[in-house]
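Colleague: I have a structure I would like to understand better, so I am pasting it below and will then ask my questions one at a time.
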């Protein structure tokens, strides 16, 4: 969850080691799915190469909406659905060739139940995710599209190297034309 290019930090070393020790290495090609919206969530993984996007479909228009990303050095999962095996609330798709150390939700839940320290890690992950989602939700209410774009670039400065215009527009809930206009304003100043 933690953006690779951000300045925030969440110590994921323990989870990374657990995934390597107890899990399996998996390779995903561009377009391969880690999870499918509506199907039981299965995997918790640590991304060692590549980038995944989280997609949900519109209720009435069936249009794809990108809601999140997981980059190299982050974990990828529909967390907490993977802990309970509930249907995934999102489709998680490889945006490029990816390598992941992954474990199933049952193993992850067992790991959390092994010790108080592991249960504390579970709580920290949940709190961290809640804070990230809260900030994103608040940004939609308090920031203009231009400000949201700037906030994204500040939080994830290298993101434009990994995402196309359409993906950034979807994530910010604007049109690609709006993103082009914002980039032009940033590059050349406003008219």
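Numbering (the working numbering), first residue to last: 1031 to 1221. A virtual CB, placed ideally from N, CA and C, is assigned to each residue, including glycine.
Run through DSSP, which three-state label would residue 1175 get?
Modeller: Helix, per DSSP.
Colleague: Looking at C-alpha atoms only, which residue of 1205, 1190, 1163 and 1160 is the closest neighbour of residue 1252?
Modeller: Outside the modelled stretch of the chain, which goes from 1031 to 1221, sits residue 1252, for which no answer is possible.
Colleague: For the candidate residues 1042, 1130 and 1151, whose alpha-carbon lies nearest to that of residue 1139?
Modeller: Measuring from the Cα of residue 1139, the nearest candidate turns out to be 1151.
Colleague: Taking the continuous beta strand (DSSP E) assigned at residue 1055, which residues delimit it?
Modeller: Here the beta strand (DSSP E) through residue 1055 covers 1054-1058.
Colleague: Once you ignore the five residues that flank residue 1196 on each side, which residues in its own chain have a CB closer than 7 Å to its CB?
Modeller: So the qualifying residues of the chain are 1206.
Colleague: Suppose the cutoff is 8 Å on Cβ atoms and the five residues either side in sequence are ignored; what does the same chain contact list for residue 1034 look like?
Modeller: Low confidence applies to residue 1034: its pLDDT is 43, below 50, so where it sits in the model is not reliable enough to give any reading.
Colleague: Return the Cβ separation of residue 1082 and residue 1122 in integer angstroms, given the expectation that the two are a contact with Cβ distance under 8 Å.
Modeller: Indeed they touch by this definition, with Cβ atoms about 5 Å apart.
Colleague: Please classify residue 1075: does DSSP put it in a helix, a strand, or coil?
Modeller: If DSSP states are grouped into helix, strand and coil, residue 1075 belongs with the strands.
Colleague: Name the one or two DSSP bridge partners that residue 1199 has.
Modeller: For residue 1199, which the question treats as bridged, DSSP gives no partner whatsoever.
Colleague: Please list, in chain order, all residues of the same chain as residue 1201 whose beta carbon is under 6 Å from its beta carbon, the five residues on each side excluded.
Modeller: Closer than 6 Å at Cβ, skipping near neighbours: 1096.
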